[in-house]
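S.K.: Taken in sequence, the protein lines are chains A and B. In terms of our numbering, the first sequence opens at residue 1 and continues consecutively. In terms of our numbering, the second sequence opens at residue 1001 and continues consecutively.
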Amino acid sequence: MASEAAAERRSVGHKLADLFHGRERLQVGALLAGPVGWLVIGYLGSLALLLVAAFWSVDPLSGLTEKSFTLENFEALWNEPVYKDIAWRTVRTALLVTITDAVIAFPIAFYMAKIASRRGKALLVIGILLPLWSSYLVKVYAWRTLLSANGAINWALEPIGLHGPGYGTTAVWLVFSYLWLPYMILPIYAGLERIPNSLISASEDLGASPFTTFRRVILPLAFPAVVAGSIFTFSLTLGDYITPRLVSNEQFLGNVIFSNISNNQPFAAALALVPVVVMIAYLLVARRLGAFEHV
Amino acid sequence: MRRRDGNPARTAWLVVAGLVVFMLALAGCGGGSDDTTGGSSSEELQKVGKGEGEVSLISWAGYVEPEWSKPFEQKTGCKVNNKEAGTSDEMVELMKTGQYDGVSASGNASARLVAADLVAPVNVDLVPNYETVFADLKDQPYNTFDGVNYGIPHGRGANLLMWNSNGVKPAPKSWAVTMDPKEAAKYKGKISQYDDPMSIAEAAVYLKTHEPDLGIENPYALDEEQFNAAVKLLEEQQPYVGEYWSEAAKQISGFANEDNVVGTTWQYQYFALKEEGAPVAASPASQGFLPEEGATGWSDTWMLAKDAKHPNCMYEWMNWIIEPKVNAEVAEYFGEAPAQELACKETANKNFCAEYHAEEPEFWERVYYWETPLADCGTGDGECMDYNDWVKAWTTIKG
């Protein structure tokens, strides 16, 4: 009996093998069914639900969702100036943080990729990755303490008669720039590493000044990497709500979504579509700029 | 140059678009079928049976602590799984998951829980200790709906006005210090305000005394004019606010570092700061611990989830938490007035109930317990601003 069952099983295996043999499409299909299914159901599915929920409304008393089509969430979004202010504040901060990080990250990444010794490079990589080993919350709370009226920043600036920024817009910008810097450095570093040194030498041999070499050779080749890094810094800032809450009084999109999610999910869904739309626009621009061409 | 002919990209977009349409269709189909819940509220339990071996609770931090949950487990055999929630909104959200047996709901959650059909009526006859609960906590609008009891009172307290005794002189006697723009301007950037729509009620309590023309009766039942006046007051306050706090830890660090010097607080933060040795003060006993206008406050109720998997253990828990000795322990640990009359004899600090005015109904008349703002506030339908309006206004106030 046992051997018969084994034979049976083997023959199922054989049948399967026969089925797949020589059918390339079927092979690929079976291989991708899992990941693609996950992508469609788990990922796009939740996005689609979000989109649908944004057109629902909520019963004011019970907080239960009423599943009938309405545009009132979007009308409220559009008519209340406060939401435009908040959306613009969020996008503006995300852009500022992205630019700041790009400006800081480029020289560091260039030094790592082209100048530093093997050892120096390893040390720098560790140094950049080190903050990622500690919890996000610990870092934000550390900044909260640093920026406090009696905190280390004011203490250090006091002898020269200056004041720290305190809590507020500047604090948010500072903390975000700190938090996401590694996500900008690493892609730029990877991008710069791939530029052959010979190209730089060739540019010099042909008489280009260092500045021209940077402008005409290095920057165009590294630019897609900068854009790739900027996708991280931009999208991470766009979605964060803890940092603004801890180091300022300002509301970002995430904060408003959070404060609406338990009593008015449809409205929260409509709000959540704002960063989605912004991000799509951003990615389209990034594609224009060639961020995905050399990947 | 294959990159430029655009075909692969177009195919990819088509695939994505197709999938999105497919998912939308799915979501649309799902929409119609699952809104049949609600309606039939489950019958009250008639007899507490044998415990189910565990109970899952949602509670305010400090309500379920090993000091009294371990003895409960030993006595009843019900293992306690506790989930702490930071806000009433979070509690409602957690209850919607249907994974919990009960919740220590404040008044700004209880009506929503009942309306959403997430909680079941509680048969108070099955909770022997209910009999000696303070009379002024029984059958209140935040725990009894249409004459049906929906929970067991746990304890109550007021939201205090706290200030830094070095930075704020003379000691404020009124909420004007944070609510009157002229006074608040003196502490620009150093005011600490609770980050919750319930702050609108705090402004309404202030207006009730200072602008009697508005005719505010209940700070949670505001018509449009009263509501707008309260919102306007908070909008004027906004530039002076140093910090809107929602986590107790945030406010504690704000006062400890002296970034904030005056604002609304809970007993919990006040005593935690005192313990740290921070120079904080709150309205003294001579003022009844409250600013002259009175204050907002809370009265919490243990509620039973509608589809509780462990209803017997939950009944055991509701009886346990108002057991005189246990209720005294919780009240002293948390810093609130106990709900159980007999608890006052069991407190470690013999003056505790006097300090917290547990036995003085006239004190509690000055405290406006959190309620869920409803459109129908008794004077006709749709006259008052509902909780959604409150949430939206709170976003606008913070800007």
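C-beta atoms are modelled at their ideal positions from N, C-alpha and C, and glycine is treated no differently.
#1: If we define contact as Cβ-Cβ less than 9 Å, is D1403 (chain B) a contact residue for chain A?
#2: What number of angstroms, rounded off, separates the C-alpha of L179 (chain A) from the C-alpha of I218 (chain A)?
#3: Within the region 1159 to 1240 of chain B, note down every full beta strand (DSSP E) run reaching 3 residues or more, in order along the chain.
#4: Cβ atoms of A1339 (chain B) and P1066 (chain B): under 9 Å apart, would you say?
#5: Mind checking who W1302 (chain B) pairs with in its DSSP beta bridge?
#6: Can you check whether the CB of Y1387 (chain B) is closer than 9 Å to the CB of R1156 (chain B)?
#7: List, in chain order, every chain B residue whose beta-carbon is nearer than 8 Å to that of G303 (chain A).
#8: Between A1282 (chain B) and Y1270 (chain B), which are expected to be in contact by the criterion C-beta below 8 Å, what is the C-beta distance as a whole number of angstroms?
#9: Would L1207 (chain B) be called buried (16 or more neighbouring beta carbons within 10 Å of its own) or exposed?
#10: Residues bridged to F1145 (chain B) by DSSP?
#11: May I have the straight-line CA-CA distance separating I188 (chain A) from F232 (chain A), to the nearest angstrom?
#12: Where do the N-terminal and C-terminal ends of the alpha helix (DSSP H) with N197 (chain A) fall, by residue?
#13: Can you tell me whether DSSP reads E1275 (chain B) as helix, strand or coil?
#14: For the alpha helix (DSSP H) that contains G34 (chain A), what are its first and last residues?
#15: Give, in chain order, every residue of the region 1387 to 1399 of chain B whose Cβ lies closer than 8 Å to some Cβ of chain A.
#16: Could you check which residue in B:T1347, B:Y1220, B:W1298 has the C-alpha nearest to that of L1374 (chain B)?
#17: Taking a cut of 7 Å between CB atoms, which residues from the region 1084 to 1116 of chain B lie near chain A?
#18: Which residues of chain A have a Cβ atom closer than 8 Å to the Cβ of A1244 (chain B), listed in chain order?
#19: Give me the DSSP bridge partner(s) of W1060 (chain B).
#20: Tell me whether Q1193 (chain B) is buried or exposed, calling it buried when 16 or more other Cβ atoms sit within 10 Å of its Cβ.
#21: Alpha carbons only, please: which of B:E1093, B:G1399, B:E1276 is nearest the one belonging to E1236 (chain B)?
#22: Between the alpha carbons of K1309 (chain B) and Q1287 (chain B), how many angstroms are there, rounded?
#23: Check distances from the C-beta atoms of the region 161 to 189 of chain A to those of chain B and list, in chain order, the residues that come in under 8 Å.
#24: Name the residue from A:D101, A:P220, A:A291, A:V274 whose alpha carbon lies nearest to the alpha carbon of D85 (chain A).
#25: Thinking C-beta only, is S1104 (chain B) closer than 9 Å to T1301 (chain B)?
#26: Could you tell me whether the Cβ atoms of N79 (chain A) and F55 (chain A) are closer together than 9 Å?
#27: By the 10 Å Cβ neighbour count, where 16 or more other Cβ atoms means buried, how is F106 (chain A) classified, buried or exposed?
#28: What are the partner residues of V277 (chain A), as DSSP defines its beta bridges?
#29: Near E204 (chain A), which residues of its chain fall below 7 Å by C-beta distance, leaving aside the five closest residues on each side in sequence?
#30: Within the region 101 to 130 of chain A, note down every full beta strand (DSSP E) run reaching 3 residues or more, in order along the chain.
#31: If you check the beta carbons only, do P1172 (chain B) and L1161 (chain B) fall under 9 Å apart?
#32: Can you give the Cα-Cα distance for E1365 (chain B) and V91 (chain A), rounded to whole angstroms?
#33: Mapping DSSP to helix, strand and coil, what is Y282 (chain A)?
#34: State the Cα-Cα distance for the pair S235 (chain A) and A94 (chain A), rounded to the nearest angstrom.
#35: Below 7 Å between beta carbons is the criterion; list the residues of the region 1165 to 1198 of chain B that meet it against any residue of chain A, in chain order.
#36: Is there a Cβ of chain A sitting closer than 9 Å to that of Y1350 (chain B), yes or no?
M.R.: In short:
#1: The requested residue 1403 (chain B) is not part of the displayed model; chain B covers only 1001 to 1399.
#2: 27 Å
#3: 1160 to 1164, 1191 to 1194
#4: In this structure, P1066 (chain B) sits away from A1339 (chain B), with a CB-CB distance that is not shorter than 9 Å.
#5: B:S1104, B:I1152
#6: no
#7: With chain A running from 1 to 295 in the structure shown, residue 303 (chain A) is simply not present.
#8: That belief holds up - the Cβ atoms of A1282 (chain B) and Y1270 (chain B) are roughly 6 Å apart, short of 8 Å.
#9: buried
#10: According to DSSP, F1145 (chain B) bridges with B:V1148.
#11: 12 Å
#12: Its alpha helix (DSSP H) spans residues 197 to 205.
#13: helix
#14: 24 to 38
#15: Y1387, N1388, V1391, K1392, W1394, T1395, T1396, K1398, G1399
#16: B:Y1220
#17: Residues of the region 1084 to 1116 of chain B that bring their beta carbon within less than 7 Å of a beta carbon in chain A comprise D1089, E1090, V1092, E1093, R1112, A1115, A1116, in sequence order.
#18: Before going further, note that residue 1244 (chain B) is Tyr rather than Ala in the sequence given. The contacting residues are N249.
#19: B:A1085
#20: buried
#21: When the alpha-carbon of E1236 (chain B) is set against those of B:E1093, B:G1399, B:E1276, the nearest one is in B:G1399.
#22: 46 Å
#23: G166, Y167
#24: A:V274
#25: yes
#26: No, these two residues do not count as a Cβ contact at 9 Å.
#27: By the beta-carbon neighbour count (other beta carbons within 10 angstroms, threshold 16), F106 (chain A) is buried.
#28: DSSP, once it has assigned bridges, lists no residue as partnering V277 (chain A).
#29: T213
#30: None, since the region 101 to 130 of chain A contains no complete beta strand (DSSP E) of that length.
#31: yes
#32: 48 Å
#33: helix
#34: Looking at the two C-alpha atoms, the distance is approximately 8 Å.
#35: none
#36: Here residue 1350 (chain B) turns out to be Lys, not Tyr, going by the sequence shown. K1350 (chain B) does not count as touching chain A.
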